[in-house]
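Residue numbers (the working numbering): 135 to 276.
The beta-carbon is built from N, C-alpha and C at its ideal position, and this holds for glycine as well.
As the structure is a prediction and not an experimental result, all values here were calculated from the model.
Some notes on the structure that comes next.
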């Protein structure tokens with residue numbers, strides 16, 4: 135993303151922002167001028183990212199939320215919408231697979247956790263954000 139400032143005044147929600155790809159996307163979008171809202175279940179690690187962004191004088195908020203719980207997601211998105219009056223960008227960066235054993239050893243409950251984390255969370259976040267973005271006539275290409 136070479137154009138610094140391309141995201142100036144945009145509100146960007148990044149889920150899974152405490153580490154990995156989500157963290158890196160949040161840092162890059164902040165460097166582009168976006169107001170970043172970090173969403174993660176791991177408050178301690180997410181606060182480290184928040185502090186890093188604050189030290190660089192970037193605009194950042196942190197909401198600790200379980201994105202596998204649609205009610206928690208709705209509450210978090212409502213808080214963001216109330217504060218910013220808009221949402222321009224949603225990055226669903228939550229994901230993972232803790233159990234790297236053989237497929238034969240994964241039980242149904244563990245598999246459902248994988249589906250919740252990697253699929254349902256993105257659906258819940260997108261569904262909650264979509265009416266706000268639609269109302270503000272968002273564009274899908276930046």
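### Task
Could you tell me whether the Cβ atoms of residue 149 and residue 177 are closer together than 9 Å?
no
### Query
Expressed to the nearest angstrom, what Euclidean distance is found between the alpha-carbon atoms of residue 140 and residue 265?
24 Å
### Bounding residues of the beta strand (DSSP E) (the contiguous stretch that carries residue 174)
169 to 174
#### Entry: residue 186 in three-state terms, based on DSSP
helix
### Task
Name the two residues that bound the continuous beta strand (DSSP E) containing residue 151.
Per DSSP, residue 151 belongs to no beta strand (DSSP E) and is neither H nor E.
### Task
Assign residue 141 to one of three DSSP states: helix, strand, or coil.
coil
### Query
Assuming residue 260 and residue 226 make a contact with CB atoms under 8 Å, what is their CB distance in whole Å?
7 Å
### Task
Consult DSSP for residue 275 and reduce its assignment to one of helix, strand or coil.
For residue 275, the pLDDT reaches just 45, beneath the cut-off of 50, and the residue's location in the model is therefore unreliable, although a value from the coordinates is still provided. The answer is coil: DSSP assigns residue 275 none of H, G, I, E or B.
### Task
Find out if the Cβ-Cβ distance for the pair residue 202, residue 250 is shorter than 9 Å.
yes
### Task
Taking residue 199 as part of the beta strand (DSSP E), name the residues at either end of that continuous run.
Element bounds for residue 199: n/a, residue is neither H nor E.
### Task
Could you tell me which of 155, 235, 172 and 204 sits nearest to residue 145, measuring between CA atoms?
172
### Task
Identify, in the order they occur along the chain, each residue of the same chain with its Cβ nearer than 7 Å to the Cβ of residue 247, setting aside the five sequence neighbours on each side.
none
### Task
For the beta strand (DSSP E) holding residue 223, just list the boundary residues, first then last.
223 to 226
### Which of helix, strand or coil DSSP assigns to residue 240
coil
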